[in-house]
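Novice:
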Amino acid sequence: MKLLSSVNVLTLIFLVEMVCGTRYGYHFRRYNRGKDAKCQCLNKDTTPAFSAVLTHKQTVASNTAVKFDKVVTNIQDGYDPATGIFTAPTDGVYHISSTVISPVGKKLFVSLYHNDVKITSIWVSPKDDTHEMGTTNMVLKLKDGDEVAIRSRGNYVVHSSSDFYSSFSGFMISKYVI
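Numbers -21 to -1, 1 to 157, taken from mature numbering (1 follows the signal peptide of the UniProt record, and there is no 0), label the letters of the sequence shown in order.
1) Taking all protein chains shown into account, decide if residue 71 is buried (16 or more other Cβ within 10 angstroms of its Cβ) or exposed.
2) From what residue to what residue does the beta strand (DSSP E) around residue 92 run?
3) Starting from residue 165 and walking both ways along the beta strand (DSSP E), at which residues does that stretch end?
4) So the candidates are 133, 105, 99 and 30; which of them puts its Cα closest to the Cα of residue 84?
5) Can you find a CB in chain D that lies within less than 8 angstroms of the CB of residue 86?
6) Reducing DSSP to helix, strand and coil, say where residue 55 ends up.
7) How should residue -12 be labelled, buried or exposed, when 16 other C-beta atoms within 10 angstroms of its C-beta is the threshold for buried?
8) State the DSSP-derived secondary structure class of residue 45, mapped to helix, strand or coil.
9) What separation, rounded to the nearest whole angstrom, lies between the Cα atoms of residue 47 and residue 25?
10) Using 10 angstroms around the beta-carbon of residue 124, count the other beta-carbons present and answer buried if the total reaches 16, otherwise exposed.
11) Do residue 51 and residue 30 have their C-beta atoms closer together than 8 angstroms?
12) Between 53, 138 and 96, which lies nearest to residue 121 when the distance is taken from Cα to Cα?
13) Output the distance between the C-alpha atoms of residue 28 and residue 113, rounded to the nearest integer angstrom.
14) Ignore the nearest five residues each way along the sequence and tell me which others in residue 100's own chain have a CB closer than 6 angstroms to its CB.
Given below as C-alpha cells:
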C-alpha cells in the first residue's frame, strides 16, 4: 500500500513535469488557451500531496477521524497525523483515496468527509475467519482551509500492523480558481 501511494504521487509529478515543464507544456497551454482559464499547470516542488499509513490497530469512536499516524509524504504540510485531518493548503482539484482493513471477522464502516459533509463510504463485512479491505477514491474541488478526513461511522476498529494495511492519501490534480 505504501508503494502504491508513492507510485500515485510520483506518477502525477512525472506527468506534470512532462507536460508543464517542457515544450509540450507550451503547446498544451497554447492549445488550451481560452478553453478553461481556471486550470493551470502545477509546480512539482509545491504541489500539495500527502500519504499516511496506520501502524497499529486503532479503535475509533463514532464520527471521529482515523489518525493515520505514520506520514510517508506531506508536501505543503497539509496532513496532521495528530488529528487525521488533511487541510487543503491551496485552492484546487484533489484526488483523495483511502484503504482500510477490518480486524478478523469484524465489520468496519468509515466515510470520507469534506468539511462536515459525507462524500462516500467504505463498508467491509468479512467472513468469520478473514480480514477484508475496502478502498475509496474521489476527486474533490477544495478551497484553501477545507478539511478532509476518514471518519468512523460507529465504534469500530481499523486494523493495521507494521505492514501498513490501512492508508490515507491525496494530491492536487490541478489548480482551480474557485
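Yeah, the Cβ is synthetic: ideal placement off N, Cα and C, and Gly gets one too. Quantities reported herein were computed from a predicted structural model and do not represent experimental measurements.
Specialist: Inspection of the coordinates gives the following:
1) As a position in the sequence shown, residue 71 is number 92, starting the count at 1. The residue is buried, with at least 16 neighbouring Cβ atoms inside 10 Å.
2) Along the sequence shown, one-based indexing puts residue 92 at 113. Here the beta strand (DSSP E) through residue 92 covers 87 to 93.
3) The chain is shown only over -21 to 157; residue 165 falls outside these bounds and no answer can be derived.
4) Translated into positions along the sequence shown, residue 84 becomes position 105. The option with the nearest alpha carbon to residue 84 is 105.
5) Judged by its chain identifiers, the structure shown contains no chain D, having just a single protein chain.
6) As a first step, residue 55 is located in the sequence shown; it is residue number 76 there, counting from the start. In this structure, residue 55 counts as coil in the three-state DSSP scheme.
7) Residue -12 sits at position 10 when you count from the first residue of the sequence shown. Reliability of the predicted coordinates at residue -12 is poor, the pLDDT of 43 falling under 50, and the value obtained from them is presented with this limitation in mind. By the neighbour-count rule (16 or more Cβ atoms within 10 Å), residue -12 is not buried but exposed.
8) Numbered from 1 along the sequence shown, position 66 holds the residue referred to as residue 45. Three-state result, residue 45: coil.
9) Looking up residue 47 in the sequence shown gives position 68. Looking up residue 25 in the sequence shown gives position 46. Taking the straight line joining both Cα atoms gives about 23 angstroms.
10) Here residue 124 refers to the residue found at position 145 when the sequence shown is read from its first residue. Under this definition residue 124 is an exposed residue.
11) Here residue 51 corresponds to residue number 72 of the sequence shown, with the count starting at 1. Here residue 30 corresponds to residue number 51 of the sequence shown, with the count starting at 1. Yes; because the gap between Cβ atoms is below 8 angstroms, this pair is in contact.
12) Stepping through the sequence shown from its first residue, residue 121 is reached at position 142. Comparing Cα-Cα distances from residue 121 to each of 53, 138 and 96, the minimum goes to 96.
13) Here the question's residue 28 lines up with position 49 in the sequence shown. Here the question's residue 113 lines up with position 134 in the sequence shown. About 22 angstroms.
14) Here the question's residue 100 lines up with position 121 in the sequence shown. 90, listed in sequence order.
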